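> If you read the sequence shown in this note's numbering, its first letter stands for residue 6, the second for the next number, and so on.
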Amino acid sequence: CRCCAEGRRHSSILYSILRSEERAVPPAGPAPRGCPCGSRRRVALRSPQVACKAASAVLVKTLRFVQNVPCFQELPLEEQLLLVRSCWAPLLLLGLAQERVHLETVESAEPSMLQRILTARRQGEQPPPRPPPPPPGRQHLGQPLPSAGHIQAIKGFLAKCWSLDISTKEYAYLKGTVLFNPDLPGLQCTQYIEGLQREAQQALNEHVRLIHRGDEARFAKLNVVLSLLRSINANVVAELFFRPIIGTVNMDDMLLEMLCAKL
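(1) Would you mind reading off the limits of the alpha helix (DSSP H) that contains A239?
(2) On the three-state DSSP scale, how would you describe V89?
(3) Using the C-alpha atoms, what's the distance from L86 back to D188?
(4) To which residues does DSSP link R47 through a beta bridge?
(5) Please name the residue in Y176, S61, V229 whose C-alpha comes closest to that of H212.
(6) I'd like to check one pair, I159 with V230: are the Cβ atoms closer than 9 Å?
(7) Since L227 and L169 are thought to touch, with beta carbons under 8 Å apart, how far apart are those beta carbons, to the nearest angstrom?
(8) Can you list, in chain order, the residues of its chain with a C-beta nearer than 7 Å to that of R46? Leave out the 5 residues immediately preceding and following it.
(9) Just list the residues that DSSP pairs T110 with in beta bridges.
(10) With 16 as the cutoff for other CB atoms within 10 Å, does I216 come out buried or exposed?
(11) Just to confirm before moving on: does the CB-CB distance between T67 and L96 stay below 9 Å?
(12) From S91, E199, N73, pick the residue whose C-alpha is nearest to that of A243; which is it?
(13) Measuring CA to CA, which of L108, G181, W93, A266 is closest to C76?
(14) So what does DSSP say about S168, is it helix, strand or coil?
(15) Roughly how many whole angstroms lie between the Cα atoms of C194 and Q206?
(16) Secondary structure at F77, three-state DSSP: helix, strand or coil?
(17) For R223, count neighbouring C-beta atoms within 10 Å of its own C-beta (all shown protein chains included) and say buried if the count is 16 or more, exposed if not.
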């Protein structure tokens, strides 16, 4: 297949993408540290319409970025879908950081199970029964709100990106590293994809050495950004930004439709 062809130009991966300018929004300061015992509190977006609209716009830009990578277009459709399904959330978070999208959250007013049990005991009532599990195949529907710990991980990632003042090219190389993940089960062109990921990392390293000659640790700092991405669950990202919009629609189905559309 074409994905196994040789002689790809090094510059063909990431130089023709991401032409939109970053919005000039000042970076947020480090997020305040809270009590660890509160990390399970359920939180919601303060302005969900604004945040979900911003995330949707970034998702469109993200999939346009993917479609504009020449080496990605040369992969079979099945390989493209596997890559997008696995990396859409980290790519989106990189896009949110690049677009300087700030998240404001509020604690959910819905009482926790423990609060309901304690309230029932004080009133001499039986504690509420545990809700039944969702039917098989529908676990993606009606998930509870993300916890404060989940949101703090996302905010910490954004703050880390903003503190490094990552450039457009650096974001592109980071996205290329995330997109071309050769470790996914079911991939057929693993060697080709592994080579693309290696080229993205090499291009990032060369760019950092050229532009940031006085900061020998910058390449390592940028790879810390990638490690932070791995700790953020894609389901949390979907529930936070897209469940209020798409409702019961499966996220994979929406990604497939967007990927095959002209964005």
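Cβ coordinates follow ideal geometry from the N, Cα and C atoms, glycine included.
Because the structure is a prediction, the values reported are computed rather than measured.
Looking at the coordinates:
(1) Its alpha helix (DSSP H) spans residues 239 to 246.
(2) Note: V89 maps to helix in three-state DSSP.
(3) Distance from the CA of D188 to the CA of L86, rounded to the nearest whole angstrom, comes to 15 Å.
(4) For R47, which the question treats as bridged, DSSP gives the partners S152.
(5) Taking the Cα of H212 as reference, the smallest distance to any Cα among Y176, S61, V229 is reached at Y176.
(6) No.
(7) The Cβ separation is near 7 Å, so the contact holds.
(8) If the five residues before and after R46 are omitted, its C-beta is found closer than 7 Å to the C-beta atoms of E112, S152, A153, all from its own chain and listed in chain order.
(9) Answer is L50, bridged to T110.
(10) Only exposed fits I216, as fewer than 16 other CB atoms lie within 10 angstroms of its CB.
(11) Yes, the pair counts as a contact, with Cβ atoms nearer than the cut-off.
(12) Per the Cα distances, S91.
(13) Of all alpha-carbon atoms in L108, G181, W93, A266, the one lying nearest the alpha-carbon of C76 is that of G181.
(14) Helix.
(15) So the alpha carbons of these two residues sit roughly 19 Å apart.
(16) When secondary structure is reduced to three states using DSSP, F77 falls in the helix class.
(17) Label assigned to R223: buried.
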